[in-house]
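For the sequence shown, my numbering assigns the number 1075 to the initial residue and increments by one for each residue that follows.
We treat Cβ as the ideally placed atom computed from N, Cα and C, and that holds for glycine.
Here is the structure we will look at, set down as structure tokens.
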Amino acid sequence: MEHMLIDSFGRTINNLRVSVTDQCNFRCIYCMPEEGMVFQPKEEILTFEEITRVIRIVSTLGISKIRLTGGEPTVRKDLPVLISMISEIPGIKDMAMTTNGFFLKKMARDLREAGLPRINVSLDTLDEEKFKQMTRRDVLHKVIEGLEEATRYFQLPIKINVVAMKGYTEDDILDFALLARTKPYQIRFIEFMPLDADRTWSRDQVLTGKEIIDRIDSKWPLEAVTRSNQREPADLFRFKDGPGEIGLIASVSEPFCGSCNRIRLTADGKLRTCLFSLNETDIKEPLRTGASDVDIADLFIEAVKNKEAGHHINDPSFIQPERSMSAIGG
Ligand code: SAM
Ligand code: SF4
């Protein structure tokens, strides 16, 4: 297939993250406000047919990987129907989903049977009280049950996303490392990024990847894993003395923008070429006003040409985008 989505820095885009809803049943402190989040009205949210049409079009431009996200994707009604529609698109070679895990006990099997091979589960702490503080929901047991159910159906190891925040994550690092050593889970620590709705992010709240790796390495020595696919954002480490992997997504302290291969479609049909984009391209309106497949394809090609070189979190002039993480689709 000829790749048509190449940006002005020579990066080839093959990965589209699709937000299927901006709603969520959690209120994580690093993502949503405790109260007062305003959601898009239903009619602004792309339908399954619209999402599938966009994916079919971009698959002809070289997009082969789809990640479903949100908001919380499992709160979107009839999600397995969308998954089976996407899995029928020939150009899509890989589909995954990021979820908070709450509904997995109930849904894992249906999602798998609909054609979803892989999931990431977000889980920031193994401590009940801290889980309640971080997600503002007292449901750690539900996520653990969901995760266990997921191991029966999805590709292993299941990746667990842990947002690393100073004052929260330090005491969990070794517990998560132990989990990676003993269970079919790859633990991926993600540095806290300035995408929180409360806009309280500050650099001193970021627990860096290096601090995490040093802590684990001093108890269980680690070695870096070299991978054939260097376009994955996570740096990967394995334990020298046995099984288990730790991933690091050091977006703040060691940006990987130079190898970024992704773009994002928000639940309300806006194309974003970077998590931190200050501009977006409207896809929904053209979809609803008779644009042809070629017109839609051109919107993607043009937007990708203007993809940002990288984020500016580390510049004094950094401007946090208007949308917070749940409204973008992380
Ligand atoms: N609701 C799903 C979940 O939590 O997995 C999917 C959407 S969530 C926005 C996607 C990922 O972004 C999660 O792993 C979440 O922990 C992460 N995330 C949210 N806000 C973040 C922030 N400010 N910095 C870093 N990661 C963040
Ligand atoms: Fe919801 Fe995911 Fe954001 Fe948490 S990180 S509030 S689960 S969208």
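If you draw a 10 Å sphere on the C-beta of S1196, you find 16 or more other C-beta atoms in it, and that means buried. Distances from the CB of F1263 to the heavy atoms of the ligand SF4 are all 6 Å or more. The region 1174 to 1206 contains, as complete alpha helix (DSSP H) runs of 4+ residues, the segments 1178 to 1188 (chain order). In the same chain as F1374, and ignoring 5 residues on each side of it, the C-beta atoms closer than 7 Å to its own belong to L1079, V1132, L1135, L1345, in chain order. Take the alpha-carbon of Y1242 and the one of V1236: they are about 11 Å apart. Of the candidates P1107, F1350, L1361, T1355, the residue whose Cα lies closest to the Cα of H1385 is F1350. Between the alpha carbons of S1400 and N1099 lies a distance of about 11 Å. The three-state secondary structure of Q1279, taken from DSSP, is helix. The DSSP-derived three-state label of F1311 is strand. In this structure, M1239 has its beta carbon at no less than 6 Å from each heavy atom of the ligand SF4. The region 1247 to 1264 makes contact with the region 1316 to 1324; the number of CB pairs closer than 8 Å reaches 3 or more.
R1127 sits in a helix when the DSSP states are folded into three classes. Apart from sequence neighbours up to five positions away, the residues of its chain that approach I1087 with a beta-carbon distance below 6 Å are L1079, N1335, I1337, V1378, ordered along the chain.
Taking 6 Å as the cut-off, one finds no heavy atom of the ligand SAM near enough to the beta carbon of M1106.
Remark: the C-beta of E1109 is outside contact range of the ligand SF4, defined as less than 6 Å to any heavy atom. Per the C-alpha coordinates, the member of G1404, R1397, I1247 positioned closest to S1325 is G1404. Checking the 6 Å criterion, the Cβ of F1392 is out of range of every heavy atom belonging to the ligand SAM.
Counting C-beta pairs with one atom in each stretch, the region 1216 to 1223 and the region 1107 to 1123 have fewer than three that are closer than 8 Å, which means they do not touch. A direct Cα-Cα distance of roughly 5 Å separates L1281 from M1239. Cβ-Cβ distances below 8 Å link L1361 to L1120, E1124, R1127, V1128, G1343, I1370 in the same chain, with the five nearest sequence neighbours on each side left out; the list follows chain order. Counting only the Cα atoms, T1347 lies some 14 Å from S1093. Ranked by Cα distance from D1288, the first of C1331, M1169, L1248, S1082 is L1248.
Note on geometry: alpha-carbon atoms of W1275 and A1308 lie some 22 Å from one another. Ranking R1277, L1230, S1292, A1271 by CA distance to the CA of Y1259 puts L1230 first. With contacts defined as CB atoms closer than 7 Å, K1204 and D1212 fail to qualify as a contacting pair. The DSSP assignment places complete beta strand (DSSP E) segments of no fewer than 3 residues inside the region 1140 to 1178 at 1168 to 1173, in order along the chain.
Within the region 1196 to 1272, the complete beta strand (DSSP E) runs of at least 3 residues fall at 1232 to 1238, 1259 to 1265. Assignment of I1393 by DSSP, reduced to helix, strand and coil, places it in the coil class. Distance from the C-beta of C1331 to the nearest heavy atom of the ligand SF4 is not below 6 Å. The residues K1314, in chain order, have a CB closer than 6 Å to that of P1295 in the same chain once the five nearest residues on each side in sequence are set aside. With 16 or more other Cβ atoms from the protein chains shown falling within 10 Å of its own Cβ, K1358 counts as buried.
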